[in-house]
Structures are given as C-alpha cells and as structure tokens.
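Numbering (full-length UniProt numbering), first residue to last: 3 to 216.
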Ligand code: BG6
Ligand code: MG
C-alpha cells in the first residue's frame, strides 16, 4: 500500500498552462512569429530555459546564452504579473478535496514541480499547508523526464520510491515517475499519457480505493 502522494503543480492542481502560453506567445510575437496551442502542449513539464530553446527553434530564431537569459526573465515577469492575481477559485476541480482526503488518511504529501514560481502559486490559491514537502525548480537541476524532482520529494518525506504515487499531466512527468521506481497516475488522456499505471481526467475522479489499489 502506498504511503505518499507527490503532485505536479501546473496542470494537476492549477491550470497555469494558459498563463505560460500567454506569456510565451507574447514573447514569440515580439520576436516576429507565433505558435499554436497544440505546439504549447510540448512545453508541459519542461523547464523555463528548455521551453525557450524549443520556442526559438520553432521561430527559426537563434540567440546567445545571455540573450536567452534576458528573454526568459522577461517572459517570467509577464507570467508573474498573471499568477500574482490568481485566487483559490483557480484550483482545478477536486484537487484541494483530494489533497485533504489523503492527508486525513495519513498519507504524506509533496509537491514535485519544475516551476520556480510554485511557492507564489500555492500561496495565491491558499493550499501551501496541505504539503509536507515542497520540491520545485529552485531545488533541483535536472528537468523531467529525469526523476530527480520526485526522488528528492520521496527523500524529504522519508518514504521509499516504491511507496510513492506521482500525479502528473505531462508525459515527461510520467516517464520521470516510472524511471524513479514510483507509481504514476496520469491526469488527462490515456492516449497521451502512455506508461501511467492509471489515467484519470482530473483529481475529481480520484478516490482512496483507486489510490490503494495501485
Ligand atoms: C512546469 C510547466 O510545471 O514548470 C512548464 O509545466 C514550465 O510549462 C515549468 O515551463 C517551469 O516553470 P517556471 O514557473 O519556473 O517558469
Ligand atoms: Mg504539469
């Protein structure tokens, strides 16, 4: 039986993908090109700088390392402007209730996110207190599909990886969980989230029984 739940943030607990998309698109437009919502899917779970490299490649634009740092900072300023206006109503359906349910049933909880803005988002939506450990892009250096972010989470909770269940909306995140020796619950579509032990449309569909049966 699992002992801990590790949650991705963007796309699992809150829908910040739309804000990332708006900010990246504004940057791309400023550089003279555009990209679609379908292309945006490929950026899920990917770190800020890696995302920028992919986007510049779509636009056929090349920049020096220093210029890339500046562009990533500019995008983040626009993104932070949006997330600092977030409210608890932006928590995805069932997410807060599921966190409360697992905590009430003595599971340990951790955040495992690539974002360097996770503390701001959790504070804005008022759920920081529901996590026993917070691991994000400020604490780890290897991007998903590397399992580092989840392994550090397990370590901070003092739970062996095979007793951890990861909740992820990105394929890179499912791969990270599996290569870390953990169970993976995909949030989204089964066709996309191949390799997950279970796929649900959202945390609203998760139950204690489904968690215990993993
Ligand atoms: C992930 C998102 O959670 O965090 C990515 O899915 C994002 O889209 C990444 O690029 C890094 O986020 P941030 O907030 O540090 O730019
Ligand atoms: Mg995500």
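Backbone N, C-alpha and C fix where the C-beta goes; we use that ideal spot for every residue, glycine too. Treat the numbers as computed from the prediction; the structure is a model and nothing was measured.
DSSP three-state assignment for residue i, whether helix, strand or coil
i	result
residue 17	coil
residue 82	helix
residue 136	strand
residue 154	helix
residue 127	helix
residue 211	helix
residue 76	helix
residue 203	coil
residue 6	strand
residue 59	helix
residue 22	helix
residue 197	coil
residue 106	helix
Counted within 10 angstroms of its Cβ, other Cβ atoms place residue i as buried (16 or more) or exposed
i	result
residue 210	exposed
residue 34	exposed
residue 216	exposed
residue 162	exposed
residue 66	exposed
residue 113	buried
residue 182	buried
residue 55	exposed
residue 119	buried
Residues of its chain near residue i, where Cβ-Cβ distance is below 7 Å and the 5 sequence neighbours each way are ignored
i	result
residue 46	13, 19, 171, 172
residue 29	73, 76, 77
residue 41	60
residue 15	9, 93, 94, 97
residue 57	26, 30, 37
residue 134	110, 111, 112, 159
Cutoff 8 Å; reference residue i; Cβ partners in own chain excluding five residues on either side
i	result
residue 105	111, 132
residue 177	146, 147, 197
Sheet register partners of residue i (DSSP bridge)
i	result
residue 114	137
residue 186	168
residue 48	Its beta-bridge partners do not exist; DSSP assigns none.
residue 100	DSSP lists no partner for residue 100.
residue 35	In the DSSP output, where bridge partners are listed per residue, residue 35 has none listed.
residue 12	16
residue 93	16
Same chain, Cβ closer than 6 Å to residue i, five either side skipped, listed in chain order
i	result
residue 53	45
residue 51	74
residue 156	163, 166
residue 207	none
Answer yes if the stretch 148-155 comes into contact with the stretch 192-201, meaning at least three C-beta pairs across the two stretches below 8 Å, and no otherwise. The answer is no - the stretch 148-155 does not touch the stretch 192-201, with fewer than three Cβ pairs under 8 Å.
Quick check: the stretch 45-64 against the stretch 86-101, are at least 3 beta-carbon pairs closer than 8 Å? Result no; under three Cβ-Cβ pairs closer than 8 Å.
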